[in-house]
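Asks: Read in order, the letters of the sequence shown are residues 0 to 143 in numbering that gives the first Met the number 0. In this text, a Cβ means the ideal position worked out from N, Cα and C, and glycines have one as well. Quick one: the structure is below, questions incoming.
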Amino acid sequence: MKVLVQRAIDASVTVDGKVIGSIDHGQMVLVGIEKGDTETDTQRLADKLLKYRMFGDEDGKMNLNVQQVGGGVLLISQFTLAAETKKGLRPGFSTAAVPAEGERLFNDFVSKVRAQYDKVETGQFGADMKVAFINDGPVTFMLD
């Protein structure tokens, strides 16, 4: 499981011309589910995501997490994070979870994040989503 988290000033996801999730500031999070991922992984990364200190304190040091700054969390499934890119010029996806399992574990991840924090928005699994955001910093981390 890979979680790409970006500190955002503003983020939204649109499906069929309609905004289905948005935050003013906080974390824009892309989630890739791989074969072999389990509920243990979703719990571990849900805990880590919400506690990850990526926001500046009064001295400008990254000492605060999203909950401490009252930011939102926008979770978006993105199977391309599981791409194999070492060989050739076309990505392979044999390490990505099959869609049904990916959706189940993504929904489990969303549930675990929401159980700990109430400012959570999501995209739509498997949809053609248009994601817009302003990366603050820029600050981006890969959690796995």
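Identify the continuous beta strand (DSSP E) that holds Thr13 and give its terminal residues.
Replies: Looking at the DSSP string, the run of the beta strand (DSSP E) that includes Thr13 is 1 to 14.
Asks: What did DSSP end up calling Gln123 once you bin it into helix, strand or coil?
Replies: Three-state result, Gln123: coil.
Asks: Would you check if the segment 120 to 135 and the segment 56 to 65 touch, i.e. whether three or more CB-CB distances between them fall below 8 Å?
Replies: Flag = no, the segment 56 to 65 and the segment 120 to 135 do not touch.
Asks: Just to check my reading of the structure: Gly70 and Gln115 have Cβ atoms closer than 8 Å, yes? What is that Cβ distance to the nearest angstrom?
Replies: Their Cβ separation, rounded to whole angstroms, is 14 Å, which puts Gly70 and Gln115 out of contact at 8 Å.
Asks: Which residues in the same chain as Thr121 place their Cβ atom closer than 6 Å to its Cβ, once the five residues preceding and following it in sequence are excluded?
Replies: Here the set comprises Gly20, Leu74, Val109.
Asks: Can you check which of these residues, Ala82, Gly125, Glu102, Lys86, is closest to Leu93 by C-alpha distance?
Replies: Note on identity: in this sequence residue 93 is Ser, with Leu being the wrong assignment. Residue Ala82 is the option with its Cα nearest to Ser93.
Asks: Name the two residues that bound the continuous beta strand (DSSP E) containing Thr139.
Replies: Looking at the DSSP string, the run of the beta strand (DSSP E) that includes Thr139 is 128 to 142.
Asks: Rounded to the nearest angstrom, what separates Lys34 and Val68 at their Cα positions?
Replies: Rounded to the nearest angstrom, the two C-alpha atoms are 34 Å apart.
Asks: Comparing C-alpha positions only, which one of Glu100, Ala45, Val119, Ala126 sits nearest to Val14?
Replies: Taking only the C-alpha atoms, the option nearest Val14 is Ala126.
Asks: Got a sec? Which residues, its chain only, sit under 8 Å from Glu102 by beta carbon, not counting five neighbours each side?
Replies: Here the set comprises Ser76, Phe124, Gly125.
Asks: Going residue by residue through the segment 49 to 122, where are the continuous alpha helix (DSSP H) segments of at least 4 residues, counting only ones entirely within it?
Replies: Entirely contained in the segment 49 to 122, the alpha helix (DSSP H) runs reaching 4 residues are, in chain order, 65 to 68, 98 to 115.
Asks: Leaving out five residues before and five after Arg113 in sequence, what residues of the same chain have Cβ atoms less than 7 Å from its Cβ?
Replies: Within the same chain, Arg113 has close Cβ partners Val119.
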